[in-house]
Each structure stands twice: as C-alpha cells, then as structure tokens.
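Colleague:
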Amino acid sequence: MRSPRPSRPARRSRSSGSAGGGRGAAPGGGLWLFGTHAVGAALANPQRVCDRLLVTEAEHPAVQEAMQAGGLRVAPEVVQRVRLDDLLGPDAVHQGVALLVRPLVSPALDEALERPGPVLVLDQVTDPRNVGAILRSAAAFGAACLVVQDRNAPEETAVLAKAASGALETVPIVREVNLSRAIEQLQKAGCWTVGLDAGGGVLDGAAFENRRVALVLGAEGRGLRRLTRESCDEIAGLYMPGDMESLNVSVAAAVGLYELARLGRLSA
Numbered sequence: 010m011r012s013p014r015p016s017r018p019a020r021r022s023r024s025s026g027s028a029g030g031g032r033g034a035a036p037g038g039g040l041w042l043f044g045t046h047a048v049g050a051a052l053a054n055p056q057r058v059c060d061r062l063l064v065t066e067a068e069h070p071a072v073q074e075a076m077q078a079g080g081l082r083v084a085p086e087v088v089q090r091v092r093l094d095d096l097l098g099p100d101a102v103h104q105g106v107a108l109l110v111r112p113l114v115s116p117a118l119d120e121a122l123e124r125p126g127p128v129l130v131l132d133q134v135t136d137p138r139n140v141g142a143i144l145r146s147a148a149a150f151g152a153a154c155l156v157v158q159d160r161n162a163p164e165e166t167a168v169l170a171k172a173a174s175g176a177l178e179t180v181p182i183v184r185e186v187n188l189s190r191a192i193e194q195l196q197k198a199g200c201w202t203v204g205l206d207a208g209g210g211v212l213d214g215a216a217f218e219n220r221r222v223a224l225v226l227g228a229e230g231r232g233l234r235r236l237t238r239e240s241c242d243e244i245a246g247l248y249m250p251g252d253m254e255s256l257n258v259s260v261a262a263a264v265g266l267y268e269l270a271r272l273g274r275l276s277a
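First residue of the sequence shown: 10, per the working numbering; consecutive thereafter.
Here is the structure:
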C-alpha cells in the first residue's frame, strides 16, 4: 500500500462576499455572517478573522456567548435593526447580529484526516442550505471533515453558515479539484469508501466495526456520477420501509451518519 500524496499548501475557500438576498457584499473578499448561532460560533473560533461586529443591543446573546467563551476579539457596534436589514437584505433572518469575517482556510485532506471520526464526501451538491445542514449533522455525529469538489460546491456564504448553525466553524471543508483522486487518497489513508446510493445492499453500521468509513453522497436527483460511483469500495442504500424512494441529500447524510454512530451507542 502506497503512502498518501504529500499534503498541499492550505488554500483559502472561495467566497463571493455575499450575505444572501443580493446584498451584503463586503470589500476585500470578506463576507457578512448573520444569526446568533453562526456569529457566536465564528467569534469563538480562533481560526476565524473577524473585522466588524454589528448588533442591535449591547448585550446580544452572541456577544454574551463570546464573552463567556473567553472574550471578544472585535468591539461590537450597536446599530438600528434597519441598518442590518439594508445591509443583508429583506430575506436575511439576522436575529439582530452581523459579523464581517474573512473566509476560512481550506485544509489539505491529510491534515483534516488527523481528526477522528467518519468522513463525508459530496459529489456536486451545490445547494448551500443542503451543505450547511450536512455540516450540522457532521458536527452532531463527530465527523472529521467534509470533502467537496472545489468547482462544483457552494462558496462560503452567510446562507450556508446560517444553515450550519455554527458547524461551519467546527467541521473543516476540504476542497479538492479531482474528487475521484480524493476518494483514492481516502482509501490509501485507511478509509472504507461507501457510496450512498441505490443499487447496493443496505447500509449497516455493524458491518463497519473497526473500520473508518467515508460516506460519499451525490447531488439530489442525479445521484453519484459514474466515475465517483466506480471509485467507491462499495455502494449501499438506506433502509426505508415506507413509500418514499429517496431522501433529501442532507437528510440522507444525517441518517447515514446515525447508522454509523449506532454501533458505538449500542456497545457503550
């Protein structure tokens, strides 16, 4: 078995600087995050560079959370709610707080694999809300990282961060140019790659005892691409006794992660 490829220098995630709703563009490649959980987690993340913090009240819960976690790295500016509405757009549920940040650095895959837990690989899942929800499940079930194809995955945005409810700051996103090559690297690093799709057996967490698993999920509707599917060690589907034949990709990721975690719960 050959050793994994040498690690590449860490890259910055791409970001359009948009907060969502067509507004909120920030100069210099920054972006506005909003919402209590997303902002509170960003303030608590020592790897996150924060430039400005706008709140509608001095004792905002996000500020209090950051103070309890060790202090603020940026002074809060108290503004009127209409200021945030104008900045972020009418559809942004900002909860009275917005934080101007720099995009997070995307780690190399072998660096992310130093963290324990299963791995999630997304094959051209482009909806930022789905990716955010998947990050939230990844954090809940102790996943090591999320691997995406750089050109066919959403950029870091406030919409993604809001859906992740803070998990964007705790689960690293690894951006790879070639997904099949990334799957090969996962296999060389000792991961058993399971394509979550129809046409295989039923995903059974007990079958992976003493194995580290990487779940590979495809875009909703299209599923896994042929080359991605062929790169996996096996294909497995979810047990669904009801009338529906498929699930939203973020729900499928959560069910798959739960199935992997179920073995540990039963043996605890």
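Ideal Cβ positions, reconstructed from N, Cα and C, are used throughout, including at glycine.
#1: Which residue's Cα is closest to the Cα of Leu131: Ser115, Leu122, Ala149, Cys154?
#2: Per DSSP, Pro181 is paired with what?
#3: Compute the Euclidean distance between the alpha carbons of Gln158 and Phe217, then round it to the nearest angstrom.
#4: Return helix, strand or coil for Phe150, following the three-state DSSP convention.
#5: What's the gap between the Cα of Met253 and the Cα of Leu247?
#6: Thinking just about the alpha-carbon of each residue, which of Leu169, Cys241, Pro116 is nearest to the one in Gln196?
#7: List, from N- to C-terminal side, the alpha helix (DSSP H) runs of 4 residues or more that fit wholly inside the segment 200 to 225.
#8: Measure the CB-CB distance between Thr2 and Leu40 and report whether it falls below 8 Å.
#9: Taking Cβ positions, are Leu113 and Val156 nearer each other than 8 Å?
#10: Run through DSSP, which three-state label would Pro137 get?
#11: Smallest Cα separation from Val140: which of Leu177, Ala245, Ala107?
#12: Pick out whichever of Ser189, Val225, Ala147 has its Cα sitting closest to the Cα of Ala245.
#13: Opposite Pro85 in the DSSP bridges: which residues?
#14: Given this structure, state the Cα-to-Cα distance separating Val258 from Ala162, to the nearest angstrom.
#15: What residues in its chain sit with their C-beta under 7 Å from that of Gly126, if we drop five residues either side in the sequence?
#16: Does DSSP put Glu120 in a helix, a strand or coil?
#17: Under the rule that 16 or more other beta-carbon atoms within 10 Å means buried, what is Val102, buried or exposed?
#18: Which of the three DSSP states, helix, strand or coil, is assigned to Ala176?
#19: Let me confirm a value: Leu96 is counted as buried when at least 16 other C-beta atoms fall within 10 Å, else exposed. Which label applies?
Modeller: Taking the coordinates as given:
#1: One-based indexing of the sequence shown puts residue 131 at position 122. For the residues Ser115, Leu122, Ala149, Cys154, the minimum Cα distance to Leu131 belongs to Cys154.
#2: Here residue 181 corresponds to residue number 172 of the sequence shown, with the count starting at 1. Answer is none; Pro181 lacks a bridge partner.
#3: For the purposes of this step, residue 158 is taken as residue 149 along the sequence shown, with counting starting at 1. For the purposes of this step, residue 217 is taken as residue 208 along the sequence shown, with counting starting at 1. Roughly 26 Å between the two C-alpha positions.
#4: Working through the sequence shown from its first residue, we reach residue 150 at position 141. Note: Phe150 maps to coil in three-state DSSP.
#5: Reading the sequence shown from its first residue, position 244 is the one you call residue 253. Reading the sequence shown from its first residue, position 238 is the one you call residue 247. Taking the straight line from one Cα to the other gives about 11 Å.
#6: What you label residue 196 is simply residue 187 of the sequence shown in a count that begins at 1. Of the candidates Leu169, Cys241, Pro116, the one whose C-alpha sits nearest the C-alpha of Gln196 is Cys241.
#7: none
#8: Any answer about residue 2 is impossible in this case: the structure gives the chain only from 10 up to 277.
#9: The residue you call residue 113 lines up with position 104 of the sequence shown. The residue you call residue 156 lines up with position 147 of the sequence shown. Against a cut-off of 8 Å, the Cβ pair of Val156 and Leu113 comes out as no contact.
#10: Counting from 1 along the sequence shown, the entry for residue 137 is found at position 128. Three-state result, Pro137: helix.
#11: Against the sequence shown, residue 140 aligns to sequence position 131. The candidate whose alpha carbon is nearest that of Val140 is Leu177.
#12: The residue given as residue 245 occupies position 236 in the sequence shown. Here the closest residue by C-alpha is Val225.
#13: Working through the sequence shown from its first residue, we reach residue 85 at position 76. For Pro85, which the question treats as bridged, DSSP gives the partners Leu62.
#14: For the purposes of this step, residue 258 is identified with residue 249 of the sequence shown, where counting begins at 1. For the purposes of this step, residue 162 is identified with residue 153 of the sequence shown, where counting begins at 1. Rounded to the nearest angstrom, the two C-alpha atoms are 14 Å apart.
#15: Counting from one through the sequence shown, the residue named residue 126 turns up at place 117. The answer, listed in chain order, is Gly151, Ala152, Ala153.
#16: Here residue 120 corresponds to residue number 111 of the sequence shown, with the count starting at 1. In this structure, Glu120 counts as helix in the three-state DSSP scheme.
#17: Taking the sequence shown and counting its residues from 1, one reaches residue 102 at position 93. Result: exposed.
#18: For the purposes of this step, residue 176 is taken as the residue at position 167 of the sequence shown. Of the three classes helix, strand and coil, the one that applies to Ala176 here is helix, per DSSP.
#19: The residue labelled residue 96 in the question sits at position 87 within the sequence shown. By the 10 Å Cβ count, Leu96 comes out buried.
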